[in-house]
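Engineer:
In full-length UniProt numbering, the protein residues as written are 1 to 410.
(1) What does DSSP give as the partner residues of residue 164 in its beta bridges?
(2) Just to confirm the assignment: which complete alpha helix (DSSP H) runs, minimum length 4, are found wholly within the UniProt domain "Rhodanese" (140-231)?
(3) Output needed for residue 79: all residues of its chain with C-beta closer than 6 Å, excluding positions within five of it in sequence on either side, in chain order.
(4) Given a cut-off of 9 Å, decide if residue 246 and residue 326 are closer than it, judged by their beta-carbon atoms.
(5) Does DSSP put residue 72 in a helix, a strand or coil?
(6) Is it buried or exposed, residue 197, if we count other Cβ atoms within 10 angstroms and call 16 or more buried?
(7) Since residue 114 contacts residue 392 with CB under 8 Å, what's their CB separation in whole angstroms?
(8) Quick one: give me the first and last residue of the beta strand (DSSP E) that residue 22 is part of.
(9) Residues in its own chain within less than 8 Å of residue 104 by CB, not counting five upstream and five downstream?
(10) Identify, in the order they occur along the chain, each residue of the same chain with its Cβ nearer than 7 Å to the Cβ of residue 107, setting aside the five sequence neighbours on each side.
(11) Within the chosen definition, does the region 311-329 reach the region 292-301 through at least 3 CB pairs nearer than 8 Å?
(12) Taking the straight line between their C-alpha atoms, what separation do you get for residue 28 and residue 70?
(13) Which residues does DSSP list as the beta-bridge partners of residue 280?
(14) Go to residue 259, then tell me how far its beta strand (DSSP E) extends in each direction, as first and last residue.
(15) State buried or exposed for residue 292, treating a residue as buried only when at least 16 other CB atoms are found within 10 Å of its CB.
(16) With distances taken Cα to Cα, identify the nearest neighbour of residue 187 among 169, 213, 204, 164.
(17) To the nearest angstrom, how far is the alpha carbon of residue 406 from that of residue 139?
(18) Assuming residue 404 and residue 58 are in contact, meaning their beta carbons sit under 8 Å apart, how far apart are those beta carbons, in whole angstroms?
(19) Look at residue 389 and residue 217 and say whether their C-beta atoms are less than 9 Å apart.
(20) Report the rounded CA-to-CA distance for residue 266 versus residue 346, giving the unit in angstroms.
(21) On the criterion of 16 or more Cβ atoms from any shown chain inside 10 Å, does residue 441 qualify as buried, or is it exposed?
(22) Relative to the C-alpha of residue 195, which candidate in 136, 117, 179 has its C-alpha closest?
(23) Below 8 Å, how does it come out for the region 301-320 and the region 370-385: are there three or more Cβ pairs, yes or no?
(24) So residue 42 and residue 307 are in contact, right, with Cβ under 8 Å, and what is the actual spacing, rounded?
(25) How is the alpha helix (DSSP H) around residue 411 delimited, first residue to last?
(26) Out of 158, 87, 9, which one is the CA nearest neighbour of residue 93?
(27) Quick check: what's the CA-CA separation for residue 76 versus residue 45?
(28) In chain order, what residues of the same chain lie with their CB nearer than 6 Å to the CB of residue 163, ignoring the 5 residues before and after it?
(29) Can the beta-carbon of residue 344 be found closer than 9 Å to that of residue 259?
(30) Shortest alpha-carbon distance to residue 156 belongs to which of 378, 271, 83, 408?
Right, here's the structure in full:
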């Protein structure tokens, strides 16, 4: 099949003008992580049949394919065409042409979400403690609560001793129970930097009465400082917000430009077939499985902010969030809006007929093709951890050089 092509300048124009575009890197994830354009998403050519329907919900959305000279584009286009995708083109010259045009190439995965987190810290001066400072507070039995905002399985694998699992978007909903004494200092940690920065700033934005600090550099920083991690913990934070938390979260969403809509507006969005619409339920998996609004895919809010390119590869699409308690959707939406998305929160909807089914989980790729994240697992080389931190610290400058992000920070 003969594919039409677009130039790197065409891609840049679409990004700057907020046009819809899915810029897809067809290499395996390990190769993708060596470098790609900021808003590129990774769908390996042998995963198209598995992932396309979920990640690319509109069959005529603009899709642009590329590789780095491996010859994957023709096969990728054929597989998408067989699935009914009708607006597929190739990046003329692939990644080599992108580099030759002088455009920025970003390493790692979830790169633009991580870059956004660094921008938030730089602009809001998100406060943090070093690993040594937190270790001393633990040793001194200080009045602290350590809240781990990663997925529960990550927390159970390794965690800061004494910490409690409160995944990202759950923070404002559960902080009142996790730290009911306003004199308790809340310390927010993840594996590296992004989720702890976003989590700490979420609590600050929502007006938590407690002093809040991120654990600088997360479990990576803890390990590099020669402190010991715990394993196998199963402490989960209970529901209970601090006074005013939910109302404040809604106000934060309002300031970020999030729109709250009802069933009529949702029907209009769904019916507008010329635009891509992603619908995400940002509650936890158990709540989703017990009953969810039809048409919404499960994606917990904290992970959605961290993995936006995986959840919504069509940049310029619309995103609609739902949450029966509101607060998680509001906080999640506030961050997505600041990342340049047109984002809505659905009001209500849970009084009608709910669908009962488990979250959709895509099969995992072959481990041989997966990028080994320097913040996962317990046997990572220290030099890889340090190199990862050094990379993150350079992202704000790289965003400035790239110039396409459209991020803002309230």
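Virtual Cβ for every residue (Gly too), placed ideally from N, Cα, C.
Structural biologist: Here's the rundown:
(1) 147
(2) 152-157, 171-178, 194-205, 218-224
(3) 48
(4) yes
(5) coil
(6) buried
(7) 6 Å
(8) 22-25
(9) 37, 38, 398, 401, 402
(10) 33, 34, 35, 391
(11) yes
(12) 11 Å
(13) 297, 321
(14) 259-261
(15) buried
(16) 213
(17) 43 Å
(18) Between residue 58 and residue 404 the Cβ distance is about 22 Å, and since that is not below 8 Å, they are no contact.
(19) yes
(20) 7 Å
(21) With the chain running from 1 to 410 in the structure shown, residue 441 is simply not present.
(22) 117
(23) no
(24) With 8 Å as the limit, residue 42 and residue 307 do not qualify as a contact, their Cβ atoms being about 11 Å apart.
(25) Any property of residue 411 remains undetermined from this structure, which presents the chain solely from 1 to 410.
(26) 9
(27) 5 Å
(28) 146, 148
(29) yes
(30) 378
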